[in-house]
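Chemist: Before we start, here is the structure in question, set down as structure tokens.
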Amino acid sequence: MSTAPRYLVGIDVGGTFTDILAYDPAEARLRSAKVPSIPGQQWRGVLDALAALGIEPDAIRAFVHGTTIATNALLERQGAPTGLVTTKGFRDVLEIGKARRLVGGLFDTGWTRPPAIVPRHLRIEVPERVAADGSVQISAQTFDFAPIAEEFSRRGIRSVAIAFMNSYVNDVNEAHAAQALKGLMPEAAVSHSAALVRERGEFERTSTCVLNAYLTPLMVEYLDTLAAALRERGVTAPVNIMGSNGGAMTLAEAARRVAGTFLSGPVGGVSGAIRVAEVAGLRNIITFDMGGTSTDVALVHGLSARMSFDNQIDAYPLQMPQLDIHAIGAGGGSVIWVGSDGTLQIGPRSAGAVPGPACYGHGGTEPTISDANLILGRLPVARPLAGGLMLDRKLAENAFRRVADVLGTTDIVALADGALRIAVAKMAGAVREVSVHRGFDPRDFSLVGFGGAGPMHIFQVADELGIPGVMIPRLPGHLCALGQMLADLRRDTVAVWGGKLSALRPGDLEAHAGAMREQAERQLRGDGIEPARQRHEFTLDIRYVGQSFTLPIPWRPGPADWTPVREAFETRHRETFGYAAADNDIEVVNIRVVSLGLVDKPELKFNPEGAGDALLERRRVWFSGWVECPVYQRDAMRAGDAFQGPAIIEEAGGTSVIPPGWSAQVHEGGSLICAASAGGSPR
Amino acid sequence: MQGEKAELGRLELIRESLVAVVNEMRANVIHSSYSSIIYEGHDFSCGLVAADGRLVAQGLDDNPIHIFAVPYSTAEIIRTFGGDIHEGDIFLHNDPYTGGTHLNDVLMLYPVFHAGALAMFAATRCHWGDVGGMTPGSLSGRVREIYQEGMRIVPTRICERGRMNEAYLDLLFANMRIAYERRGDFSTMLGTSRKAAEHLQRLFGRFGGTTLLAGVDELIARAARVMRGCIAAVPDGTYFAEGYLDSDGHGDEPLIGRLKLTIEGQRLIADFTGSSPQTMGPTNVGPAMAFNAAATMVKSFLDPHTPVNHGSFEPIEIVNPKGSFLNATLPAPCGGMVECRALMAGLVASALGQALPERRVGDLKGGANHVYLSGPSRDGGLFLMYEYPAGGTGATRCTDGNHGTRAYIEGDFNAVWSAEIVEAQCPIQVSHYGIREGSCGDGAFRGGCGIRRDLRILEAGASLSVLADKCIIPPYGVATGRGGAGNRFVVLRNGATLEPSPVPGKVGGFALAQGDVVRIETAGGGGYGDPLDRDPERVLHDVSQRYVSSEQARRRYGVVPGAGGARDDAATHLERERLRAARIMITVQAADQDEFDGPRRRLRVTPAIASRLGVSDGALVELATDTCGSALRGWVRIDAHASVVPIGPRGFAMLGAQPGSLVEIRVAPTFPA
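Protein sequence lines, in the order shown, are assigned to chains V and P. Under this note's numbering, the first residue of the first sequence carries the number 25, and numbering increases by one thereafter. Under this note's numbering, the first residue of the second sequence carries the number 315, and numbering increases by one thereafter.
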């Protein structure tokens with residue numbers, strides 16, 4: 025039965041499950057489903073999830089998809105055979121970079137550098153040269169690229185990366201080479217570095233271009249298959265892909281900028297958290313997404329997430345604007361073990377989905393964070409989890425006993441408690457990384473906990489950092505899909521423009537920014553977004569003259585002098601680096617524009633109208649001692665319901681563990697808003 | 315027992331929290347500094363030091379060369395100012411004779427108080443791009459006394475109870491090139507220290523100051539117990555090593571470093587007695603560096619994976635008499651600190667390698683390879699480009715070394731600048747940057763190749779200074795593995811290759827002409843084991859990647875590629891038999907004493923052997939056995955009567971050979987064969 029398209033749909037494909045969420049603003053109701061992911065065929069999981077949800081395909085109005093295709097393919101080295109073309113004299117830049125190790129290696133005599141994505145014999149040099157001022161010293165116009173194309177074809181190359189020196193200033197040679205090779209190798213994908221990165225630094229730009237090239241064929245194939253399958257099922261809505269920058273991108277754009285999709289999955293969680301925080305009236309949050317193997321943390325200030333521009337995946341630099349998400353290898357499945365100096369250690373190895381934590385009964389024998397939670401009474405043993413799994417306390421205890429024996433103790437409760445404290449310290453370190461290290465005090469933020477294990481640990485993390493506010497969104501296991509569902513289209517543009525403030529005129533900046541804005545407007549119109557639904561936000565990268573790194577300072581057209589810019593920069597510099605230098609001139613280095621194509625954001629109301637009888641049971645739970653603790657069922661709660669910790673709240677996809685000293689209230693938007701009592705909770 | 319568990323958890327928490335402070339300091343320095351040496355080269359380190367000078371925490375990217383010397387500096391400052399340290403005081407130090415490294419590395423010590431008592435120091439050691447002296451950048455291979463290397467800062471209270479000594483700072487900066495950068499970096503260190511102190515105060519509040527400091531003591535005690543256990547597991551004994559620096563920069567005489575390493579239960583004693591006297595060239599170090607080198611190698615060999623604090627070093631004892639180039643006094647210049655430290659690290663590796671043969675590792679490039687290019691900049695000022703290009707790293711029993719990489723004994727800095735930054739900031743064009751093919755030390759596992767970097771000088775008036783070593787005496791191989799190629803710094807002008815100094819690798823202000831190309835070639839890492847035992851697949855892979863040529867594969871590895879680059883096992887077998895048979899083996903005989911001519915070990919060989927080696931009197935050769943910690947180097951003395959080669963007791967100990975046994979003798983080439 026065809027009706028007017030009304031559903032917004034978000035689909036997040038994770039390592040174990042594919043989560044789908046659909047929202048119909050008219051009925052103000054969320055529908056969710058979870059189906060197993062199908063390794064190697066993510067698109068089938070997407071179709072299954074759609075079927076499980078049971079909505080008419082042609083009733084979908086917008087469809088945004090978070091995919092781990094790029095990340096997984098890189099981790100497993102499953103990208104396409106790739107060739108690299110460089111300036112003569114520079115083919116080894118990709119392999120040796122600036123001679124750093126980039127990953128570990130201190131004191132390790134046997135440390136071995138991860139191999140370059142493109143081996144040396146597939147890196148071919150071309151006699152071309154552009155100088156640092158952009159002048160062309162040796163043109164590529166007359167160079168014959170045919171032998172290179174032949175060599176690549178002979179070696180089965182399916183994707184070509186081109187990265188020339190100084191192309192960030194002038195990419196005429198690079199663009200010519202791209203065109204020539206595309207003509208000679210019509211079946212191959214061709215990436216050129218300046219089309220992806222317009223910033224100085226040949227190693228980072230080359231690496232980004234190679235990552236892009238390496239993953240493009242796979243991504244294009246996947247997107248084509250997915251689009252065809254969805255069309256076949258009757259989905260008429262445009263399909264967009266979540267980008268690492270926190271916005272969605274069209275399929276065509278995703279195929280061009282695969283290197284911009286590495287965080288396609290986790291950014292959904294950050295975006296989702298921003299949405300639910302907005303509903304609850306929060307503006308400054310730190311998102312805390314804890315899954316089975318890792319925890320992803322990001323800082324959101326004034327409802328916008330921080331960006332990071334110089335990133336690294338494994339040992340490979342990636343210069344793409346990404347949400348500044350800090351990941352650590354500590355999750356519910358992280359293994360607990362004893363180090364050589366006799367201290368307890370957590371992870372980074374995870375029991376994963378197979379065998380999983382010992383208490384799952386799937387053959388795991390090593391204790392994990394989940395086992396520790398079970399021993400401390402934070403997970404149920406008498407009833408199955410909301411997902412249907414029965415946990416086995418005996419198995420968890422046996423696993424802990426092995427570690428206890430090594431340490432010569434019998435007190436496994438103290439051991440489990442100690443392990444959790446260490447895990448919490450690591451996770452608090454991650455929160456500090458995105459806050460303290462970036463010049464923010466975490467106590468000015470609310471922590472938003474989600475992911476399968478987030479709500480279980482977030483209160484301890486908050487206590488550790490003295491953070492007084494915590495929020496647990498509804499459906500914590502589906503927040504990534506929520507973020508995808510509500511994502512705006514987004515394009516990031518940067519222009520190398522500026523100079524010393526003393527020599528710059530605000531009017532010139534406005535003229536340049538205006539031109540950037542016009543171009544961005546055109547591009548978004550090309551994506552089908554009318555100007556009325558566009559938003560363009562400017563940031564200036566600023567530093568003291570003589571410094572190299574910059575601080576991002578928001579800017580909008582208007583003021584006739586630089587006073588507000590200078591003041592904003594100095595305040596920020598003092599907060600971040602401990603000093604400001606009033607005598608020093610400051611300079612603008614880049615102008616950045618974030619251009620958004622806004623989707624209609626329905627007011628999110630999850631209408632918590634449960635039966636009201638939320639109490640499931642009472643059981644003993646460890647909080648620095650055994651405490652009689654109520655266990656509530658979240659589905660049964662109503663807006664306005666309030667209670668005190670200690671309390672445990674169970675729902676599909678997550679268990680919240682609220683310690684003594686915290687109070688919680690059900691917000692009309694569905695979230696749990698929690699506050700530490702004055703003075704914080706006892707440690 | 316519950317108390318013990320809670321204690322473990324809390325200790326881990328304290329450790330994580332303190333390392334977080336250091337990591338935050340690092341990020342601050344990189345992001346707010348003014349000189350490329352810091353923000354691009356990352357030549358700085360941060361750490362936390364206890365009130366008594368013991369190292370509490372460093373980060374994983376911090377350079378042990380900087381940080382392991384901090385306890386010495388701190389001890390000196392405590393000795394100087396004693397109970398007279400107050401809130402609001404800040405100290406500066408760079409003097410090598412009292413615990414500094416070289417003058418460019420300026421340490422800021424920022425006392426942090428808790429409950430009115432000195433609790434800790436936040437330490438930041440940054441390499442300042444120039445600290446005055448004879449040549450731009452201050453480091454030069456040709457200096458004769460420390461006064462030519464810049465401003466010497468003995469322990470100095472730069473800020474007293476919150477009042478900055480502006481006069482002292484003005485004097486300091488007035489004597490340094492590109493002063494605004496120095497001021498900027500000083501502000502960076504100051505801001506970083508303040509933020510670290512704030513962070514520490516929060517931790518004192520969180521844990522309680524007494525609890526935190528007691529936890530620090532306990533962490534150090536635990537690390538010491540772990541290290542004692544590691545040392546106890548090493549076979550007791552006395553192990554010897556000797557090695558050389560090329561020269562002090564003024565003559566052609568090498569400097570010898572000698573080590574006697576004693577393992578006695580839980581004690582480890584590194585005795586450098588007998589090393590060459592201090593020199594008037596830059597190749598000297600103060601008292602901190604022997605400990606620095608030994609601590610780094612002991613940590614790497616015995617306990618590489620646990621976090622670093624002072625406890626790891628407590629069981630290490632150093633004997634190092636004053637007056638040698640490894641513990642120099644005024645006025646010996648100390649710019650070549652990294653070179654001396656690399657030599658000592660190589661000695662400790664060689665000696666420990668005799669005790670633990672399975673841990674042996676091929677030698678490294680031998681120092682920092684400081685390269686300075688300076689001259690008029692486009693805006694009328696001075697440009698200064700400073701790099702320390704990495705070399706190949708050494709092979710181990712089961713791994714090849716890496717090409718052009720910061721080594722395991724170094725912090726993870728950028729060793730060269732981005733070529734695009736060089737070209738945007740200096741009148742220089744980078745015309746080549748890549749792997750130096752064939753420069754690896756051969757072995758069953760080979761060392762990594764060095765790098766080659768060509769810098770074209772675009773404008774007149776520039777000059778070149780270099781301070782490097784292992785240009786004459788290359789990195790050693792282990793377990794019969796070959797040494798890597800040496801470092802090489804030359805200038806290409808009008809088709810000719812010029813040596814910019816009479817002493818290779820020690821260049822002071824060589825005048826460059828427009829159009830010159832400065833060619834830097836760095837050393838390869840030493841190999842492990844017999845190259846003729848190397849898996850032919852690995853050799854062919856190296857050939858396919860052109861790390862070695864097919865001609866080198868045949869000559870150095872005995873691998874004969876068949877049609878289309880596939881293996882040809884039969885031909886390879888024959889070639890390897892032929893090469894093995896062609897090796898020159900000599901009988902070593904016991905002499906009462908090892909024979910030295912000045913610093914040089916003498917190896918007497920017959921004219922026939924010399925002729926087979928293709929060397930004349932005074933050539934550098936080496937002896938290698940399966941068991942040696944490193945190849946034993948010496949200089950040929952042709953002696954018609956030396957039918958067997960006489961070796962003294964130390965030589966035998968180092969070779970691990972018996973009198974009368976046959977050992978291989980070969981030349982030690984500095985250039986890729």
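Think of the CB as a built atom: it goes at the ideal place given N, C-alpha and C, for glycine as much as any other residue.
(1) Check the DSSP bridge columns for residue 779 (chain P) and list the partner residues they point to.
(2) Tell me which residues share the same chain as residue 534 (chain V) and place their Cβ nearer than 8 Å to its Cβ, disregarding the 5 neighbours each side in the sequence.
(3) Comparing alpha-carbon positions, which option in P:488, P:436, P:954 and P:570 lies nearest residue 912 (chain P)?
(4) Determine, using beta-carbon pairs with one atom in the stretch 455 to 463 of chain P and one in the stretch 372 to 392 of chain P, whether at least three such pairs fall under 8 Å.
(5) Using beta carbons (cut-off 8 Å, strictly below), is residue 145 (chain V) in contact with chain P?
(6) Could one say the Cβ of residue 316 (chain P) lies closer than 8 Å to chain V's Cβ atoms, at least one of them?
(7) Nearest to residue 396 (chain V) by CA position, among V:373, V:447 and V:212, is which residue?
(8) Using a Cβ-Cβ distance under 8 Å, would residue 716 (chain V) count as near chain P?
(9) State buried or exposed for residue 899 (chain P), treating a residue as buried only when at least 16 other CB atoms are found within 10 Å of its CB.
(10) Is the Cβ of residue 525 (chain V) closer than 8 Å to any Cβ of chain P?
(11) Judging by CA-CA distance, which residue of V:328, V:593, V:422 and V:420 is the nearest neighbour of residue 469 (chain V)?
(12) Quick one: is residue 327 (chain P) near chain V, going by C-beta distance under 8 Å?
(13) Nearest to residue 678 (chain V) by CA position, among V:478, V:210 and V:126, is which residue?
(14) Do three or more CB pairs link the stretch 697 to 710 of chain P to the stretch 724 to 741 of chain P at distances below 8 Å?
(15) How would you list, in chain order, the residues of chain V whose beta-carbon sits under 9 Å from the beta-carbon of residue 703 (chain P)?
(16) Is residue 619 (chain V) close to chain P, meaning its C-beta is less than 8 Å from at least one C-beta of that chain?
(17) Would you mind stating whether residue 230 (chain V) and residue 117 (chain V) have Cβ atoms separated by less than 8 Å?
(18) Please classify residue 329 (chain P): does DSSP put it in a helix, a strand, or coil?
(19) Output needed for residue 782 (chain P): all residues of its chain with C-beta closer than 8 Å, excluding positions within five of it in sequence on either side, in chain order.
(20) Can you tell me which of V:481, V:588, V:237 and V:556 puts its alpha carbon nearest to the alpha carbon of residue 141 (chain V)?
(21) Which residues does DSSP list as the beta-bridge partners of residue 883 (chain P)?
(22) Closer than 9 Å between beta carbons: that is the criterion. Which residues of the stretch 434 to 450 of chain V meet it against chain P?
(23) Would you call residue 706 (chain V) buried or exposed, if buried means 16 or more other Cβ atoms sit within 10 Å of its Cβ?
(24) Work out the CA separation of residue 435 (chain V) and residue 316 (chain P) for me, nearest whole Å.
(25) Starting from the C-beta of residue 586 (chain V), find all residues in its chain whose C-beta is less than 7 Å away, skip the five residues before and the five after it, and write them out in chain order.
(26) Compare the beta carbon distance of residue 292 (chain V) and residue 504 (chain V) with 8 Å and say whether it is the shorter of the two.
(27) Taking residue 564 (chain P) as the query, report the chain V residues whose CB atoms sit under 9 Å from its CB, ordered along the chain.
(28) Could you give the first and the last residue of the continuous alpha helix (DSSP H) run that contains residue 353 (chain P)?
(29) Does residue 319 (chain P) get closer than 8 Å to chain V when you measure Cβ to Cβ?
(30) Under three-state DSSP, which class holds residue 523 (chain P)?
(31) Out of curiosity, what's the CA-to-CA distance linking residue 53 (chain V) and residue 529 (chain P)?
(32) So, does the CB of residue 100 (chain V) fall closer than 8 Å to a CB anywhere in chain P?
(33) Output yes or no for whether 8 Å exceeds the beta carbon distance between residue 113 (chain V) and residue 746 (chain P).
(34) Taking only beta carbons into account, state which residues of the stretch 597 to 613 of chain V come closer than 7 Å to chain P, listed in chain order.
(35) Can you confirm whether the stretch 484 to 499 of chain P touches the stretch 441 to 452 of chain P when touching is taken to mean that 3 or more C-beta pairs between the two stretches lie within less than 8 Å?
(36) Taking C-beta to C-beta, are residue 281 (chain V) and residue 220 (chain V) nearer than 8 Å?
Modeler: According to the structure data:
(1) For the purposes of this step, residue 779 (chain P) is taken as residue 465 along the second sequence, with counting starting at 1. Answer is P:686.
(2) Working through the first sequence from its first residue, we reach residue 534 (chain V) at position 510. Excluding residues within five positions, the ones whose Cβ falls inside 8 Å are 581.
(3) Here the question's residue 912 (chain P) lines up with position 598 in the second sequence. Ranking P:488, P:436, P:954 and P:570 by Cα distance to residue 912 (chain P) puts P:570 first.
(4) no
(5) Within the first sequence, numbered from 1, the residue matching residue 145 (chain V) stands at position 121. Judged by the 8 Å Cβ criterion, residue 145 (chain V) is in contact with chain P.
(6) Working through the second sequence from its first residue, we reach residue 316 (chain P) at position 2. Summary for residue 316 (chain P): the model assigns pLDDT 39, below 50, so the residue's position carries little reliability; its value from the coordinates is reported in the next sentence. Closer than 8 Å to some Cβ of chain V, the Cβ of residue 316 (chain P) qualifies, so yes.
(7) Mapped onto the first sequence, residue 396 (chain V) falls at position 372. It is V:447 whose Cα lies nearest to the Cα of residue 396 (chain V).
(8) Because chain V in this structure spans residues 25 to 707, residue 716 (chain V) falls outside the shown range and cannot be described.
(9) Working through the second sequence from its first residue, we reach residue 899 (chain P) at position 585. Exposed is the call here.
(10) Position 501 of the first sequence holds residue 525 (chain V). Residue 525 (chain V) does not count as touching chain P.
(11) In the first sequence, residue 469 (chain V) corresponds to position 445, counting from 1. Nearest of V:328, V:593, V:422 and V:420 to residue 469 (chain V), Cα basis: V:328.
(12) Sequence index remark: in the second sequence, residue 327 (chain P) carries index 13 (1-based). So, interface residue.
(13) On the first sequence, position 654 is the one that residue 678 (chain V) refers to. Comparing Cα-Cα distances from residue 678 (chain V) to each of V:478, V:210 and V:126, the minimum goes to V:478.
(14) yes
(15) Numbered from 1 along the second sequence, position 389 holds the residue referred to as residue 703 (chain P). Simply 123.
(16) Along the first sequence, one-based indexing puts residue 619 (chain V) at 595. Not an interface residue.
(17) Within the first sequence, numbered from 1, the residue matching residue 230 (chain V) stands at position 206. Within the first sequence, numbered from 1, the residue matching residue 117 (chain V) stands at position 93. Result yes, Cβ atoms of residue 230 (chain V) and residue 117 (chain V) sit closer than 8 Å.
(18) Locating residue 329 (chain P) in the second sequence gives position 15, where the first residue counts as 1. Correct three-state label for residue 329 (chain P): helix.
(19) Along the second sequence, read from residue 1 onward, the residue named residue 782 (chain P) stands at position 468. Cβ neighbours of residue 782 (chain P) beyond the five flanking positions: 455, 653, 680, 681, 682, 683, 684, 685, 801, 803, 819 and 820.
(20) For the purposes of this step, residue 141 (chain V) is taken as the residue at position 117 of the first sequence. Among V:481, V:588, V:237 and V:556, the Cα nearest to that of residue 141 (chain V) is on V:237.
(21) In the second sequence, the residue the question calls residue 883 (chain P) occupies position 569. According to DSSP, residue 883 (chain P) bridges with nothing at all.
(22) 434, 435, 437, 438, 439, 441, 442, 443, 444, 445, 446, 448, 449 and 450
(23) Residue numbering aside, residue 706 (chain V) sits at position 682 when the first sequence is read from its first letter. A caution first: residue 706 (chain V) carries a pLDDT of 38, below 50, which makes its placement in the model unreliable, though a value can still be read off. Residue 706 (chain V) is exposed by the Cβ-count criterion.
(24) For this step, residue 316 (chain P) is matched to residue 2 along the second sequence. For this step, residue 435 (chain V) is matched to residue 411 along the first sequence. Legend: pLDDT at residue 316 (chain P) = 39, less than 50; position of this residue unreliable, no value from coordinates given.
(25) Stepping through the first sequence from its first residue, residue 586 (chain V) is reached at position 562. Around residue 586 (chain V): 525 and 530.
(26) By one-based count along the first sequence, residue 292 (chain V) stands at place 268. By one-based count along the first sequence, residue 504 (chain V) stands at place 480. Result yes, Cβ atoms of residue 292 (chain V) and residue 504 (chain V) sit closer than 8 Å.
(27) For this step, residue 564 (chain P) is matched to residue 250 along the second sequence. Chain V residues near residue 564 (chain P): none, gap ~30 Å exceeds 9 Å.
(28) Position 39 of the second sequence, counted from the first residue, corresponds to residue 353 (chain P). 350 to 353 is the extent of the alpha helix (DSSP H) around residue 353 (chain P).
(29) Position 5 of the second sequence holds residue 319 (chain P). Note that residue 319 (chain P) has pLDDT 45, beneath the 50 cutoff, so the model's placement of it is unreliable and no number is given.
(30) In the second sequence, the residue the question calls residue 523 (chain P) occupies position 209. Correct three-state label for residue 523 (chain P): helix.
(31) Numbered from its first residue, the first sequence carries residue 53 (chain V) at position 29. Numbered from its first residue, the second sequence carries residue 529 (chain P) at position 215. Each residue's Cα considered, the two are about 53 Å apart.
(32) Stepping through the first sequence from its first residue, residue 100 (chain V) is reached at position 76. Residue 100 (chain V) does not count as touching chain P.
(33) In the first sequence, residue 113 (chain V) corresponds to position 89, counting from 1. In the second sequence, residue 746 (chain P) corresponds to position 432, counting from 1. Going by C-beta atoms, residue 113 (chain V) is nearer than 8 Å to residue 746 (chain P).
(34) 601, 602, 603 and 605
(35) yes
(36) To locate residue 281 (chain V), count along the first sequence from 1; it is residue 257. To locate residue 220 (chain V), count along the first sequence from 1; it is residue 196. The answer is yes: Cβ separation under 8 Å.
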